[in-house]
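Q: The sequence shown runs 1 to 105 under full-length UniProt numbering.
Dumping the structure here so I can ask a few things about it.
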Amino acid sequence: MQFCDECGSMMHTEGDTWVCRSCENKESRDSQAEAAMTTQDGQRDDGTPAVADATQGSTETMQESCPADDCDSNRAYSEIMPKPGGSYEVRLFTCVECGHKWRES
Numbered sequence: 001m002q003f004c005d006e007c008g009s010m011m012h013t014e015g016d017t018w019v020c021r022s023c024e025n026k027e028s029r030d031s032q033a034e035a036a037m038t039t040q041d042g043q044r045d046d047g048t049p050a051v052a053d054a055t056q057g058s059t060e061t062m063q064e065s066c067p068a069d070d071c072d073s074n075r076a077y078s079e080i081m082p083k084p085g086g087s088y089e090v091r092l093f094t095c096v097e098c099g100h101k102w103r104e105s
């Protein structure tokens, strides 16, 4: 892949020349530089790495009062979930008795 020195757009090839579709800049192709470029054929895809969730399948509970009006349980399962964007995490609770779910405030 080659980027235009003039405008920064991605260039395409026309014979032995790189041509910018945005500003029409042209550059000679360099076979040695192109040989060093990595293609998708040369890359290895191991798939998405597995991420372990320490709370998945957990039967441990913690002392946390259920906020549901009709429940007076003080035990809940908890799990930590990442917020979109990865800026921080939030703790989610599920009541052992009634199954009500809430998050830490």
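Just so you know, even glycine gets a beta-carbon here, dropped at the ideal spot from N, CA and C.
These figures come from a predicted structure and were not determined experimentally.
What whole-angstrom Cβ distance do residue 96 and residue 77 have, given they're in contact under 8 Å?
A: Right, the Cβ-Cβ distance comes to about 7 Å (below 8 Å), so this counts as a contact.
Q: Compare the Cα-Cα distances from residue 29 to each of 23, 80, 81 and 18 and report the closest residue.
A: Per the Cα distances, 18.
Q: Since I believe residue 94 is in contact with residue 101 (beta carbons under 8 Å), could you give me their beta-carbon distance rounded to a whole number of angstroms?
A: Yes, they are in contact, since the Cβ atoms of residue 101 and residue 94 sit about 5 Å apart, within 8 Å.
Q: What does DSSP give as the partner residues of residue 95 in its beta bridges?
A: 76.
Q: Exposed or buried, which one is residue 6 when buried takes at least 16 other CB atoms within 10 Å?
A: Flag for residue 6 reads exposed.
Q: Can you look up residue 34 in the DSSP assignment and give me helix, strand or coil?
A: If DSSP states are grouped into helix, strand and coil, residue 34 belongs with the helices.
Q: Under a three-way DSSP split, which group does residue 2 fall into?
A: If DSSP states are grouped into helix, strand and coil, residue 2 belongs with coil.
Q: Can you give the Cα-Cα distance for residue 15 and residue 27, rounded to whole angstroms?
A: Approximately 11 Å, taken between the alpha carbons.
Q: Check residue 17 in the structure and name its three-state DSSP category.
A: Three-state result, residue 17: strand.
Q: Looking at the structure shown, is residue 87 part of a helix, part of a strand, or coil, going by DSSP?
A: Residue state, collapsed to three classes: coil.
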